[in-house]
Amino acid sequence: MSEMIELSGISKSYDGVPALKDVSLTIERGMVHAILGENGAGKSTLMRLLAGVISHDAGTIKVDGETQQFNSPRDAARLGIICMFQELSLMPHLTVGDNLVLGDGGKLMAWIGRGERRAARSSLDSVGGSHISLSVRIADLPLADRQLVEIAKAIHRRPRLLILDEATSALTAERVETVFGVIRSLRDAGTAILFISHRMYEIDALADRVSVFRNGRHIETFPAGSHSRDAMISLMIGQPLTELFPQRTAAPSPDVAPILSCRGLRWAPAIDGVDLDVRPGEIIGLGGLDGQGQQHLMHALFGVLRGVEGSISLDGKALQAVTPLRAKARGTDIALVPEDRKTEGLVLNMSIADNLRLAALDRKPFGLLSANSDADQAVEKLVDRLSLTYGALHDPVKTLSGGNQQKVVLAKWLALGPRCLLLMDPTRGIDVRTKAQIYRLLQELAGEGMAILLQSTDYEELIHLCHRVHVFYHGRSKRELSGADLTPDALIEAALNAKAQTGSAA
């Protein structure tokens, strides 16, 4: 092993507020180096410095032993430093192929040769994107496929140092393993990998070395496997975290009538005859490989999709012509926390306060965001309950960390007092402390009688939070897992439809 990057005494401040403080770190060739830390720990600032997006205030960066000053991402790219940021950088109205080759001198697919086209296709196939056409627009892809394209775009540029910031946050277990296989191959070929993830089992599976950051400082670097998860979490937050997953609330009796039910739900070709019940005080999980119908089911239940067949019932009574407006209305009281908080859950340029009030806009006199209401009072209580960290409520919501943005999305819907909460990957890309807060909140809400439907790509969440999990395959619930049967192996086996399954699929 040999050093590729050496950071010495690196500091960076924004408006006098330190983001990195006297950081020294080495990154070696042929090694996966994981960076752990809460949101605000300095990880993203470190990535931006190395990628040439921002410049450091003090200290030196050496690449291959020579001091470098990056004035732009192009400077970093010339040295083989390529970064995939958590916030996707794809151009939504261009095709997949155009996005893949844009880094190769600004050309589009129409202007490149056959060999370059084959190389772009190969890069996408290597990360598990063989099902994605090079000619489809990015805007027409689901979030998971957009993330695969972003990874393929980074790999296509043949990095010497590949920086991956929450690269797998929207991917299911099977696709994560495919991407990990690519990363391991790059590592074995001598590429240095800097890997950021809030999923501890990904760190366990991939990292060779781990560095922990806290409050802008480099706390410690150690070989992977030398520290327990609890020890790493303690280093990240500066104190012991007694329990990531709280004790699960007792499951309601099967005799309890469900709040929300669907029977024979179909929306061709994504949903193919789904039966499902969610009882008060119950957390029901939706698992499976990406694109097997789970996300579409959530949209169908909230009335986002048109042409849905089958029946949806609330308290045993059929809901007719469901739309989002009717779903969230008083008397129905269904809320949906969407998959992508940036594009579907928030209006980033609006204030935190206005985003918190958006879901209740139709309940206010003349639609005034500033009007006092029961929802406003509920928002104030939820801000405290969720430990929302912010400067001022009139600040744009885009100024918040990812975890606090997700809290705003949760709070704006919980302020309506829903009886049934639909959650789509609610902890994607957020830090461990915020995850623990959200997990505790979900158990509290279940204990208060709320019915919760949780779609997640994180099998640990499904195992530790849910009373029952429906595993989807080709638009159907292929197996229902609960109790001792709810294990990682069982989830993956059912997701792959590996063998004929027994048990209820209701």
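Just so we're aligned, residue 0 is where the sequence shown starts under numbering that gives the first Met the number 0, counting upward by one.
For every residue, glycine included, the Cβ atom is placed at its ideal position computed from N, Cα and C.
- Taking a C-beta distance under 8 Å as the contact criterion, MET46 and ILE26 do not qualify as a contact pair.
- Of the candidates GLY290, ILE333 and LEU160, LEU160 places its Cα closest to the Cα of GLY79.
- In the DSSP assignment, GLY58 falls within the beta strand (DSSP E) that extends over 57-62.
- Counting C-beta atoms within 10 angstroms of its own C-beta, TYR13 has fewer than 16 neighbours from the protein chains shown and is therefore classed as exposed.
- In the three-state reduction of the DSSP assignment, VAL468 falls in the strand class.
- Here VAL303 has PRO323 as same chain residues with Cβ atoms under 7 Å from its own Cβ, once five neighbours each way along the sequence are excluded.
- Secondary structure note for PRO17: its beta strand (DSSP E) is the uninterrupted segment 16-27.
- With fewer than 16 other CB atoms across the displayed protein chains lying within 10 angstroms of its CB, MET90 is exposed.
- Comparing alpha-carbon positions, the option among SER260, GLY448 and SER122 lying closest to GLY96 turns out to be SER122.
- Under DSSP, the beta-bridge partners assigned to TRP266 are ILE270.
- Within the same chain, ILE9, SER10, LYS11, LEU19 and LEU48 come within 8 Å of HIS55 by CB-CB distance, once the 5 residues on both sides are set aside.
- Counted as a single uninterrupted DSSP element, the alpha helix (DSSP H) harbouring ARG116 occupies residues 113-125.
- As DSSP reads the structure, HIS32 sits in a beta bridge with LEU193 and ARG208.
- Linking VAL211 to ARG384 through their CA atoms gives a straight-line distance of about 28 Å.
- Residue environment analysis places LYS477 among the buried positions, since at least 16 neighbouring C-beta atoms fall within 10 angstroms of its C-beta.
- Less than 8 Å separates the beta-carbon of ALA206 from that of VAL31.
- A Cβ-Cβ separation of about 15 Å leaves LEU392 out of contact with ALA359 under the 8 Å criterion.
- Between GLY286 and ALA494, the C-beta spacing is below 8 Å.
- One Cα belongs to GLY280, the other to ALA445, and the distance between them is close to 4 Å.
- Note that the C-beta distance between GLN405 and GLN293 is not below 8 Å.
- Between the C-alpha atoms of GLU242 and GLU459 there is a straight-line separation of about 14 Å.
- Between the beta-carbon of HIS295 and that of TRP266 there is about 6 Å, and that keeps the pair under the 8 Å contact cut.
- The beta carbon of MET199 sits closer than 6 Å to the beta carbons of ARG228 from its chain, once the five residues preceding and following it are set aside; these are given in chain order.
- Rounded to whole angstroms, the separation of the alpha carbons of ALA414 and GLY51 is 41 Å.
- The residue from LEU163, GLU201 and CYS465 with its alpha-carbon nearest to that of ALA483 is CYS465.
- In the DSSP assignment, ILE218 falls within the unbroken beta strand (DSSP E) covering 216-222.
- In this structure, ILE195 keeps its C-beta atom at 8 Å or more from the C-beta atom of LEU185.
- THR171 is classed as buried because its beta carbon has at least 16 other beta carbons within 10 Å across all chains shown.
- Counting every other CB atom within 10 Å of its CB across the protein chains shown gives GLY402 a total of 16 or more, marking it as buried.
- TYR13 is bridged by DSSP to VAL16.
- Here the alpha carbons of LEU420 and GLU201 stand approximately 28 Å from one another.
- DSSP places GLY41 outside any alpha helix (DSSP H), giving it a letter other than H or E.
- When GLU492, PRO487, ARG475 and ASP457 are compared, the shortest CA-CA separation from THR167 is found for ASP457.
- Assignment of beta-bridge partners to MET423 by DSSP yields GLN454.
- Under a 10 Å Cβ-count criterion, PRO337 is classified as buried, with 16 or more other Cβ atoms of the shown protein chains found around its own Cβ.
- Between ASP314 and ILE232, the CB-CB gap reaches or exceeds 8 Å.
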